[in-house]
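Numbering (this note's numbering), first residue to last: 17 to 270.
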């Protein structure tokens, strides 16, 4: 009898989604602009003088870590040295801090390309909420069934396994829901810092002068190798030409 009740409880937990989930779908289906749950991502490029690249990256990092423009998380910061230094910072921050942070990044520089994209998470959030609701109700049914005192050992083992699996799925759904909410409540900002075009041009010319000797050596070595490779072919062609010309003259005389 208990085995039959256990099977019934487990099958009920996996049956059709709750009516509340259907109602949520009707409310969020065909989401309008008012219902949209948007996750924004911004990308901006700034051209600066080479010496200003690293200090500007440090200023962006400090402003984020100090929450100068609101809540901010530094996701990534990288820089490349050399004659044409560059840097990159990826931040997740409160929407109100996006523009002030972009203004800080662009101080004394030239604004480059800027893009903004948004992903509507309304359907994803709705589905996640429905899944959490379904799993929570299933967990409640399983826990109520666990409180019974007439379960066999086999039923208790099967029930414990099902409770553990359902709890793990519920925790995963809650983590996904928290991540979705974080993407909606905050925005991602990627700042690219590049060396100015004029500085890049001067750097290219300077590099060309510095590499003149090595370039000349490479060109000379390549010419010597090419000559060594083509010389036997040239000699063979010359001998063939002399023989053919002698044969042609002999035929004319005859």
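We put the CB at the ideal spot given by N, CA and C, even for glycine.
Collapsing the DSSP output to three states places residue 145 in a helix. Cβ-Cβ separation between residue 86 and residue 112: approximately 6 angstroms, consistent with a contact (criterion under 8 angstroms). Note on residue 160: under 16 other CB atoms within 10 angstroms of its CB, so exposed under the neighbour-count rule. In this structure, residue 105 sits near residue 90, with a CB-CB distance shorter than 9 angstroms.
Per DSSP, residue 63 is not a residue of any alpha helix (DSSP H); the beta strand (DSSP E) it occupies stretches across 54–64. In the DSSP annotation of this structure, the continuous segment of the beta strand (DSSP E) that includes residue 136 starts and ends at 126–136. If you look at residue 184, you'll find it in the alpha helix (DSSP H) that goes 169–201. DSSP places residue 83 outside any alpha helix (DSSP H), giving it a letter other than H or E. A distance of 9 angstroms or more separates the beta carbons of residue 119 and residue 210. Per DSSP, the continuous beta strand (DSSP E) segment holding residue 103 begins and ends at 102–109.
Taken through DSSP and simplified to helix, strand or coil, residue 256 comes out as helix. With 16 or more other Cβ atoms inside 10 Å of its own Cβ, residue 137 counts as buried.
With contacts defined by Cβ atoms closer than 9 angstroms, residue 75 and residue 203 do not form a contacting pair. In this structure, residue 185 keeps its C-beta atom at 9 angstroms or more from the C-beta atom of residue 158. According to the DSSP assignment, residue 115 belongs to the alpha helix (DSSP H) that extends over 114–121.
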